[in-house]
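A.B. asks:
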Amino acid sequence: MKDFTRLFDVVYYQNEKYPQPDAISRKINGEWKHYSTKHIIDTMTQASLALLKLGLKKDDKIAIVSTSRQEWNIIDMASLQAGLVNVPVYPTISESEYNFIFNDAEIKYAFVSDAGLVKKIKAIQPNVPSLIDVFSFDQVDGCKSFDDFLALGDGGDVAALEAIKASVQPSELATIIYTSGTTGNPKGVMLSHDNVISNIKAVNPMLPLDSEKRVLSFLPLCHIFERTVCFVYILNGVSIYYAESMDTIAENLKEVKPHFFTSVPRLLEKVYMKLEAASANLEGFKKKLYFAAMEFANNYDLTKNYGLIDSLKYKLYDKLIYTKWRDALGGNVVGICTGAAKLNPKLARVFTAAGILVAEGYGQTESSPVISVTPFEKDMIVFGTVGAIIDGVDVHLDHREGMKDGEGEILCKGPNVMMGYYKRPDLTAETIVDGWLKTGDVGTIVMHKGKKYLKITDRVKEIFKTSGGKYIAPLSLESKMKEIPYIEQMLVVGESRNYVSALIVPNFVNLKEWCIMNGIKSLSNKDLVNDPAVRKMFQEKIDEKNKHFGQWETIKRFELMPDEWTIDGGELTPTLKVKRKIVTEKYQALIDKLYS
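Mind the numbering: the sequence shown is residues 0 to 595 in numbering that gives the first Met the number 0, read in order.
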């Protein structure tokens, strides 16, 4: 196969170029089980025949509600080569959201991973007239299993399947992905094979991947970021290992020893916190050396020509400190790609200094998802940007009132732009104007080695005015303040108020270490956030960062929160971004207090 134009073509491409004994692996009952390229293809063919036996016709919709596992990929590609439309759904959303998505997409069959999800989907089945049946990947009492499903394909019409495969056009709808909105019902983003394939081809040369590499995958496959990247893995014959859960990532990294993985900034922040916390048990010279290595990494400059003394220092830090950081990630990691939210440049510096290139990508579901990504070459990394605009994609900045010079809403045009919102031509017309996708993000363009790099400065809808008529870009403020090692999460507020304030969730690991060093006895989180010495320290740190902003932008008052914001608590999206509207409404009384 010289080329691939539909998503299911990619696995056949792998089989011809780099067939793998461990194309996909997953840990089952304490042991890693490997699935070869041939097994994946054979099983997806059987699954396609089973889907046809169920009576499904071209463009019918099936849903996958599951954690990442080989069955996810099999059903995804099996449905696509049978001419169906795959609707992947987060396993963590509410019953009302399942109800809306299943009815809106008119889902006919659902494939779920376990007993908990069987219970959730069975609960809404009476309210979804189109939903015929549910199949479970795990064995669950009262639910048909994946093995039962595959058995339906026995004796299926292979010739009919081949005819359907041949008829699937690259321009046709492949998947509908419902975005998790902070208000109202989710919107179904329609992506064609062409949309995602264009992204795969543009991104592929920029990633450090080949058929000798292993990756650990732990982000949800229902998110287009990880799903597209997984197709890039398959294209290159990379062995994919799925982490057992978010709680076992550290253990799985040591077992798999991956060369690459994707992440969201929040997870890298947690890794960084653990690195900082590791210094708590050190004493004397070891502690001084650790802090010196951390300081060097925090100020690492890719454009600087380090002299002999600094080069010797780096070799010492690398041998004694940075190598241990790499070991904590398995020892083989050469690159990490982050997306879905803004990465603190300090984190990129620290990991890159330690020999692990951290590159940011940027985009959204509506752009399949990549608009820009940083090439994995040291001289091509620009800290603070979200990478170079990918080939075949045009970007225009639409400057408006309230934006600084050189800023504008990022508009994107290219083969990656979605077909539109499912059943919502009104929203489609608002979002795609003359072929330009309005991203809602504010950014600037930075030139580097002849390439256009994007720098995200805020969200259009999040820029607000104070009562004095001054515009505030909260993302810029939050990003700068989160350089303070004692800040974990933050929300800047102050729309139509006379000054800017903030809700802050402390990094309690670092904060408690600070308390020990400053003779403050062990306190609960609730007591810590009200401790005068703690509040004084936060005020001093915030005042220092305030110097980077105009007087009208500075944070005048803040409130420390005793509890972390979470997905389950409703404050975070499944990709760990803060839901501003939800947090603002939830803590409205506390915000009002900041202005009383």
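Beta carbons are placed, not taken as given, at the ideal position from N, Cα and C, and that holds for glycine.
For Ser475 and Trp551, I'd like the C-alpha separation in whole angstroms.
C.D. replies: C-alpha separation (whole angstroms): 14 angstroms.
A.B. asks: What do you get for Val86, buried or exposed, if any count of 16 or more other CB atoms within 10 angstroms of its CB means buried?
C.D. replies: That one is buried.
A.B. asks: Please classify Phe7 as buried or exposed, where buried requires at least 16 neighbouring CB atoms within 10 angstroms.
C.D. replies: When all chains shown are included, Phe7 counts as buried.
A.B. asks: Out of Met76, Ile223, Tyr470 and Phe136, state which residue places its alpha-carbon closest to the alpha-carbon of Val167.
C.D. replies: The residue with the shortest Cα to Cα distance from Val167 is Met76.
A.B. asks: Identify which residue in Ser278, Val491 and Thr565 has its Cα closest to the Cα of Thr583.
C.D. replies: With distances taken between Cα atoms, Thr583 lies closest to Val491.
A.B. asks: Quick one: grab the DSSP three-state call for Thr44.
C.D. replies: DSSP places Thr44 in helix when its eight states are reduced to three.
A.B. asks: When the Cα atoms are used, what is the spatial distance from Pro610 to Tyr89?
C.D. replies: Outside the modelled stretch of the chain, which goes from 0 to 595, sits residue 610, for which no answer is possible.
A.B. asks: Give the DSSP-derived three-state secondary structure of Pro505 in the structure shown.
C.D. replies: The answer is strand: DSSP assigns Pro505 an E or B state.
A.B. asks: Taking the straight line between their C-alpha atoms, what separation do you get for Ile515 and Ala532?
C.D. replies: So the two alpha carbons sit approximately 12 angstroms from each other.
A.B. asks: Out of Asn184, Gly338, Lys578 and Ser144, state which residue places its alpha-carbon closest to the alpha-carbon of Leu426.
C.D. replies: With distances taken between Cα atoms, Leu426 lies closest to Asn184.
A.B. asks: To the nearest angstrom, report how far apart Ala291 and Thr44 are at their CA atoms.
C.D. replies: Looking at the two C-alpha atoms, the distance is approximately 56 angstroms.
A.B. asks: Looking at C-alpha atoms only, which residue of Gly391, Asp309, Lys323 and Ser262 is the closest neighbour of Tyr289?
C.D. replies: Of the listed residues, the one whose Cα sits closest to Tyr289 is Lys323.
A.B. asks: Under 7 angstroms Cβ to Cβ from Phe375, same chain only, skipping five residues before and after it: list those, please.
C.D. replies: Met205, Leu206, Pro207, Gly334, Leu356 and Ala358.
A.B. asks: On the three-state DSSP scale, how would you describe His222?
C.D. replies: His222: coil per DSSP, three-state reduction.
A.B. asks: Within the continuous beta strand (DSSP E) that includes Thr443, where are the two ends?
C.D. replies: Per DSSP, Thr443 belongs to the beta strand (DSSP E) from Trp435 to His447.
A.B. asks: How would you label Leu311, buried or exposed, when you count the other beta carbons within 10 angstroms and need 16 or more for buried?
C.D. replies: Leu311 should be labelled exposed.
A.B. asks: Starting from His395, follow the beta strand (DSSP E) in both directions and report where the run begins and ends.
C.D. replies: Per DSSP, His395 belongs to the beta strand (DSSP E) from Asp393 to Asp397.
A.B. asks: Between which two residues does the alpha helix (DSSP H) harbouring Gln488 extend?
C.D. replies: No alpha helix (DSSP H) contains Gln488, which is instead part of the beta strand (DSSP E) from Ile486 to Val492.
A.B. asks: May I have the straight-line CA-CA distance separating Tyr586 from Asp526, to the nearest angstrom?
C.D. replies: Between Tyr586 and Asp526, the C-alpha separation is close to 19 angstroms.
A.B. asks: Rounded C-beta distance between Ile581 and Glu570? I'm assuming under 8 angstroms.
C.D. replies: Indeed they touch by this definition, with Cβ atoms about 6 angstroms apart.
A.B. asks: Judging by CA-CA distance, which residue of Gly329, Ala339, Ile223 and Lys303 is the nearest neighbour of Val577?
C.D. replies: Here the closest residue by C-alpha is Ala339.
A.B. asks: With a threshold of 6 angstroms on Cβ separation, who are the neighbours of Lys16 within its own chain once the five nearest residues in sequence on each side are excluded?
C.D. replies: So the list is empty, once near-sequence residues are dropped.
A.B. asks: Please work out which residues of its chain come closer than 8 angstroms, Cβ to Cβ, to Ser191, disregarding the five sequence neighbours upstream and downstream, and give them in chain order.
C.D. replies: Correct list, in chain order: Pro169, Ser170, Glu171, Leu172, Ala173 and Met418.
A.B. asks: Would you mind working out which of Glu365, Phe537 and Gln488 sits nearest Met189, comparing C-alpha positions?
C.D. replies: If we check each option's Cα against that of Met189, Glu365 comes out closest.
A.B. asks: Taking the alpha-carbon positions, what's the Glu461 to Ile163 distance?
C.D. replies: Distance between the alpha carbons of Glu461 and Ile163 is about 46 angstroms.
A.B. asks: In whole angstroms, what is the alpha-carbon distance linking Gln19 and Val214?
C.D. replies: Going from the Cα of Gln19 to the Cα of Val214 covers about 13 angstroms.
A.B. asks: Which whole-angstrom value is the C-beta distance of Gly329 and Leu436, which I expect to be below 8 angstroms?
C.D. replies: That pair is no contact at about 37 angstroms.
A.B. asks: For Glu408, count the other beta carbons within 10 Å of its own beta carbon; 16 or more makes it buried, fewer makes it exposed. Which is it?
C.D. replies: When all chains shown are included, Glu408 counts as buried.
A.B. asks: Take His398 and list the residues in its own chain whose beta-carbon comes closer than 6 angstroms to its own, dropping the five residues that flank it on each side.
C.D. replies: Hits under 6 angstroms: Gly407.
A.B. asks: Here's a check: name, in chain order, each residue in its chain whose Cβ is nearer than 8 angstroms to the Cβ of Thr181, leaving out the five neighbours to either side.
C.D. replies: Interpretation of Thr181 is limited by its pLDDT of 47, a score under 50 that renders its predicted location unreliable; no figure is taken from the coordinates.
A.B. asks: Mind checking which residues open and close the alpha helix (DSSP H) that includes Met536?
C.D. replies: First-last of the alpha helix (DSSP H) with Met536: Pro531 to Asn545.
A.B. asks: Buried or exposed, going by whether 16 or more other CB atoms sit within 10 Å of the CB of Pro125?
C.D. replies: The residue is exposed, with fewer than 16 neighbouring Cβ atoms inside 10 Å.
A.B. asks: To the nearest angstrom, how far is the alpha carbon of Leu315 from that of Leu79?
C.D. replies: Rounded to the nearest angstrom, the two C-alpha atoms are 52 angstroms apart.
A.B. asks: What ranges does the alpha helix (DSSP H) occupy inside the region 274–357, keeping only unbroken runs of at least 4 residues that lie completely in it?
C.D. replies: List check, alpha helix (DSSP H) in window: 283–297, 307–316, 322–327 and 344–352.
A.B. asks: So, for Lys143: in the same chain, excluding its five sequence neighbours on each side, which residues have a beta-carbon less than 8 angstroms away from its beta-carbon?
C.D. replies: Answer for Lys143: Asp132, Val133, Phe134 and Ser135, listed in chain order.
A.B. asks: Using a 10 Å radius around the Cβ and a threshold of 16 neighbouring Cβ atoms, would you call Arg5 buried or exposed?
C.D. replies: Classification of Arg5: buried, given that the 10 Å Cβ count is 16 or more.
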